[in-house]
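If you read the sequences in order, they're chains A and B. Going left to right, the first sequence walks through residues 3 to 117 as my numbering numbers them. Going left to right, the second sequence walks through residues 17 to 127 as my numbering numbers them. Ideal placement from N, C-alpha and C gives every residue a C-beta, glycine not left out. For reference, the structure is listed below as structure tokens.
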Amino acid sequence: GEDVEQSLFLSVREGDSSVINCTYTDSSSTYLYWYKQEPGAGLQLLTYIFSNMDMKQDQRLTVLLNKKDKHLSLRIADTQTGDSAIYFCAEARFGSGGGADGLTFGKGTHLIIQP
Amino acid sequence: NAGVTQTPKFRILKIGQSMTLQCTQDMNHNYMYWYRQDPGMGLKLIYYSVGAGITDKGEVPNGYNVSRSTTEDFPLRLELAAPSQTSVYFCASRDSNQPQHFGDGTRLSIL
Numbered sequence: 003g004e005d006v007e008q009s010l011f012l013s014v015r016e017g018d019s020s021v022i023n024c025t026y027t028d029s030s031s032t033y034l035y036w037y038k039q040e041p042g043a044g045l046q047l048l049t050y051i052f053s054n055m056d057m058k059q060d061q062r063l064t065v066l067l068n069k070k071d072k073h074l075s076l077r078i079a080d081t082q083t084g085d086s087a088i089y090f091c092a093e094a095r096f097g098s099g100g101g102a103d104g105l106t107f108g109k110g111t112h113l114i115i116q117p
Numbered sequence: 017n018a019g020v021t022q023t024p025k026f027r028i029l030k031i032g033q034s035m036t037l038q039c040t041q042d043m044n045h046n047y048m049y050w051y052r053q054d055p056g057m058g059l060k061l062i063y064y065s066v067g068a069g070i071t072d073k074g075e076v077p078n079g080y081n082v083s084r085s086t087t088e089d090f091p092l093r094l095e096l097a098a099p100s101q102t103s104v105y106f107c108a109s110r111d112s113n114q115p116q117h118f119g120d121g122t123r124l125s126i127l
């Protein structure tokens, strides 16, 4: 099965909070990332968290990490139409790729904003 | 700084043709990566490099080659293009203990 799993779609109303969830399987993960991809564009780094942290907040974004359950979430407060995109969870594993920490990605969650 | 620059942005190839996807970064990063993204999927690592003169295989290296003669450039070569290589290709780079920064991608179709 997939090493990093995400729900494929999330639909929220404009102004509500969005919570995008991700589970991973490798306990040796070091950093966990959230990237945003708009249609036809590259990946934009949103935020990341080191595996010894349990929360990180950056303006409208809050990342929660439950290392015991290998669960990561991204909360977007006051969701706007500009937040419509695909959100990828990714993990960097210590020692993978000879220590170069190539990322392992989930399939991405499509965030759909309803007016 | 331009960041990570990929060229071309789009390309259509015939089966059996060869081409090189270019990637350059102006941030003096040692680590560089090539990923492919198939429709509805996340990115998968093709090759990576930890510095000039050093490259290694990722998860899906078959059908590709890379070189790293300078810190700035990390080209990806397709020798005999196959339909299964139709994808969007992303190059990324990073500094030590920093996140990866991605280019805008090259959209490649093999017909």
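Put simply, the backbone Cα of S112 (chain B) is about 8 Å away from that of Y47 (chain B). Interface annotation for the stretch 13 to 45 of chain A against chain B: Y33, Y35, Y37, Q39, G42, A43, G44, L45, criterion Cβ-Cβ distance under 9 Å. Using beta-carbon distances, K58 (chain A) does not count as an interface residue toward chain B, since no partner is under 7 Å. Cβ proximity to chain A below 7 Å picks out M57, G58, L59, L61, Y64, V66, D72, G74 from the stretch 57 to 90 of chain B. Note on geometry: alpha-carbon atoms of T86 (chain B) and G17 (chain A) lie some 48 Å from one another. In this structure I70 (chain B) is exposed. Its beta-carbon is surrounded by fewer than 16 other beta-carbon atoms within 10 angstroms. The stretch 106 to 113 of chain A and the stretch 52 to 70 of chain A do not touch, with fewer than 3 CB-CB distances between them shorter than 8 Å. In the structure shown, T27 (chain A) falls within a coil segment according to DSSP collapsed to helix, strand and coil.
DSSP places N68 (chain A) in the uninterrupted beta strand (DSSP E) bounded by 63 to 68. DSSP places Q41 (chain B) in the strand class (E or B) of the three-state scheme. In this structure, DSSP gives S86 (chain A) a state outside helix and strand, which the three-state scheme calls coil.
By DSSP's assignment, T106 (chain A) forms a beta bridge with A:E93. Rounded to the nearest whole angstrom, the C-alpha separation of K69 (chain A) and L34 (chain A) is 11 Å. Flagged as an interface residue toward chain B: F107 (chain A), by a C-beta distance shorter than 7 Å. Using a Cβ-Cβ cut-off of 7 Å, Y50 (chain A) counts as an interface residue toward chain B, since at least one Cβ of chain B sits closer than that to its own. Per DSSP, E7 (chain A) is one residue of the beta strand (DSSP E) stretching across 6 to 8.
Bounds of the beta strand (DSSP E) holding R93 (chain B) are 92 to 94.
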